[in-house]
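Just so we're aligned: the sequence shown equals residues 0 to 270 in numbering that gives the first Met the number 0.
Below you'll find the structure, written out as structure tokens, and then a few comments.
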Amino acid sequence: MISLDTVGGFNYHNSQKKYLHIVLDHATRYAWTCPSKSVTSETYTNCLKQIFSIQCPKQLLSDRNAAFTSSKFKKFLKHHNIRPLLTSANRPQCNGKNERVNQTLVAKLRCKVNSTTKTPWTKLLEQVTYEYNNSPHDVTGFPPAYLMFGTLPYDSPLPNQVKLNYPPIQQARQIAVNRTIKNHKINKQRYDKHYVDAKFKVEDLVLYQNFSYPNSSKLQSPYNGPFKVVRKLSNVTYEIDKPNQYTGKLTDIVHSTRLKPFHSKSNFQLC
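This is the structure in structure tokens:
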């Protein structure tokens, strides 16, 4: 499975390319980066075509951006026999692996941009992506490039002695899987320790937590609604009658952590 996410706001050195599309292979943590001027379905398909010439995944995870739900993009995925998976609205944790890689790449890119005033950020991005893919990952212990291709380039940033110590590729991939599973269990235990399950029924009225955008007003209400629960899709995912600004549909798929019960004022009595 691969996932696709976009980071915006790259206006370094008056570049016309404002967006960075990041595609991540979940098994190896290998990342592809595509700087772009837009976030259209055509932009995403052009980016993915280059990747599909190397490998074609079975599933693609993305958010509910209109470009990903368009008929053109769905047709493109169907042509390559790829099943689309959509995250809950405004729930970046659903694509956690991609989010963490986003933070890593953007932080490294910012350091390089701040240290030079002449090199285009798109050129620096190539260096950052190369260094990320050829350095050991915190979870798997192996460079993503090694897990993806079974080898490392001659000019890899790793010392030769380290390269020689890596096990055969199939063994390395299995070790990476085991370490990923172990890391997931640890993270789940931490999450479950603080998570309070919120169960809603169909027809329940709920309030929806607004997504906090960087430029949103500090006085904006943290919740809006009430909205009615239309369907329960899983233990943590619900469909509510809140219009989706990306798809144009009259309902939206949301995660339970962004919902809380609505209590009408008429239910309260003064003593």
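Quick reminder that beta carbons are idealized off the backbone N, C-alpha and C, glycines included.
These numbers come from a predicted model, not from an experiment.
{"Asked": "Excluding the 5 residues flanking R99 on each side, which residues of the same chain have their C-beta closer than 6 Å to its C-beta?", "Found": "none"}
{"Asked": "DSSP three-state call for F141: helix, strand or coil?", "Found": "coil"}
{"Asked": "Along the chain, where does the alpha helix (DSSP H) containing R126 start, and where does it finish?", "Found": "Note that residue 126 is Gln in the sequence shown here, rather than Arg. Segment 120-132, the alpha helix (DSSP H) holding Q126."}
{"Asked": "Could you tell me which whole beta strand (DSSP E) segments of length 3 or greater appear in the stretch 221-249?", "Found": "222-231, 236-239"}
{"Asked": "Per DSSP, which residues does Q208 bridge with? Please list them.", "Found": "Y222"}
{"Asked": "Inspect the beta-carbon positions of F72 and S40 and report whether they are closer than 8 Å.", "Found": "yes"}
{"Asked": "Between T118, C55, V235, Y29, which lies nearest to N133 when the distance is taken from Cα to Cα?", "Found": "Y29"}
{"Asked": "Are the stretch 56-65 and the stretch 76-85 touching by the rule of at least three beta carbon pairs closer than 8 Å?", "Found": "yes"}
{"Asked": "Which term fits I1, buried or exposed, when burial requires 16 or more other beta carbons within 10 angstroms of its beta carbon?", "Found": "buried"}
{"Asked": "Excluding the 5 residues flanking F9 on each side, which residues of the same chain have their C-beta closer than 8 Å to its C-beta?", "Found": "K16, K17, Y18, L19, P34, W120"}
{"Asked": "Looking at the structure shown, is A66 part of a helix, part of a strand, or coil, going by DSSP?", "Found": "helix"}
{"Asked": "Taking its Cβ as the centre, do 16 or more other Cβ atoms sit within 10 Å of K241, making it buried, or is it exposed?", "Found": "buried"}
{"Asked": "Using the C-alpha atoms, what's the distance from F141 back to I174?", "Found": "9 Å"}
{"Asked": "P260 bridges to which residues according to DSSP?", "Found": "V205"}
{"Asked": "Judging by CA-CA distance, which residue of G149, N182, T27 is the nearest neighbour of I168?", "Found": "G149"}
{"Asked": "Could you give the distance in angstroms between the alpha-carbon of N97 and the alpha-carbon of T116?", "Found": "28 Å"}
{"Asked": "Please classify H78: does DSSP put it in a helix, a strand, or coil?", "Found": "helix"}
{"Asked": "For K200, I'd like the list of residues in its chain whose CB is within less than 7 Å of its CB, leaving aside the five on either flank, ordered along the chain.", "Found": "V228"}
{"Asked": "State buried or exposed for R189, treating a residue as buried only when at least 16 other CB atoms are found within 10 Å of its CB.", "Found": "exposed"}
{"Asked": "When DSSP labels each residue in this structure, what does S114 get in the three-state scheme?", "Found": "helix"}
{"Asked": "Closer than 7 Å by C-beta to G247: which residues in its own chain qualify, once you throw out the five before and the five after it? Chain order, please.", "Found": "none"}
{"Asked": "Between the Cα of A171 and the Cα atoms of N13, A26, G7, V6, which residue gives the shortest distance?", "Found": "A26"}
{"Asked": "Relative to the alpha-carbon of V127, which residue among I21, L85, S14 has its alpha-carbon at the smallest distance?", "Found": "I21"}
{"Asked": "Hey, how far is the Cα of R178 from the Cα of E202?", "Found": "42 Å"}
{"Asked": "Let me make sure I understand the geometry here. Which of L258, I239, S233, L151 has the alpha-carbon closest to that of Y222?", "Found": "L258"}
{"Asked": "Nearest to G95 by alpha carbon, out of L232, V112, H183, G224?", "Found": "H183"}
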